[in-house]
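So in the numbering used here, the last spot in the sequence shown is 178, and the numbers never skip. No residue lacks a Cβ here, since even glycine has one placed at the ideal position from N, Cα and C. Data first, discussion second: the structure below is written as structure tokens.
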Amino acid sequence: MDNNVEKDIESVLLTQEQIRQKVSEMVRRIDTDYRGKELVMIAVLKGSVLFLADLVRGFKRPLEFDFIGVSSYEGGKVSTGVVRLDKEIAIDIKGKNVLVVDDILDTGRTLGFVKHYLQKFEPKEIKICVLVNKEVNRAIDVDADYWGFKIPDVFIVGYGMDFENNYRHLPYIGILKR
Ligand code: IMP
Ligand code: MG
């Protein structure tokens with residue numbers, strides 16, 4: 001068994017250093033905007049975990065985070081775009097300023113679903129923070145309030161993002177060999 005997944009990577013799109021710099025810029029923007037406000041981050045499993053872990057370590061201010069689990073329901077070969085809830089949030093967000101954190105905003109179906117689900121709990125506001133923004137594929141009217149990189153329609157892995165549940169652990173973002 002070959003035990004180095006890097007052989008499957010065609011090229012590196014975003015290096016560890018580029019990601020590190022971008023994450024600290026995002027921390028500064030968020031820190032400024034949320035001055036004097038409570039901050040509750042709700043991160044979307046599993047793609048957001050590396051991003052969330054780096055993001056939260058940039059803050060000195062108080063903040064709370066929790067996770068929501070969702071997956072896209074696959075009907076046959078083509079994704080139907082139906083999103084299913086796998087894990088509910090476990091904290092009270094009523095009247096709070098919620099920042100949803102995810103790896104990537106693509107069609108918008110996932111974050112559209114998450115936003116709709118969270119609205120039931122009557123938070124004060126819901127904003128969206130993603131590391132990567134693939135605007136070209138948007139099918140739902142959702143926008144990111146904070147985004148790190150805009151990229152064209154390429155399939156990426158690493159830094160939380162997977163292909164068939166592998167490659168999430170890569171510390172950089174790469175394009176897979178076909
Ligand atoms: P959306 O619901 O189409 O906006 O897609 C969001 C989800 O699709 C992300 O949370 C990812 O799990 C997945 N996704 C979209 N594009 C990519 C990609 O290029 N690589 C890996 N996962 C992706
Ligand atoms: Mg995901």
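- By the Cβ test, the segment 131-151 is in contact with the segment 15-25, since at least three Cβ pairs between them sit closer than 8 Å.
- Shortest gap from the CB of Ile42 to any heavy atom of the ligand IMP: 6 Å or more.
- Judged by the Cβ position, Ile175 fails to qualify as a neighbour of the ligand IMP at the 6 Å threshold, every heavy atom of the ligand being at least this far.
- In this model, Val101 and Thr107 are separated by some 16 Å (Cα to Cα).
- Here Val157 really is in contact with Leu170; their C-beta atoms are around 7 Å apart, less than 8 Å.
- The Cβ atoms of Lys177 and Glu10 lie closer than 7 Å to each other.
- When DSSP reads this structure, Val40 sits in a beta bridge with Glu64 and Val98.
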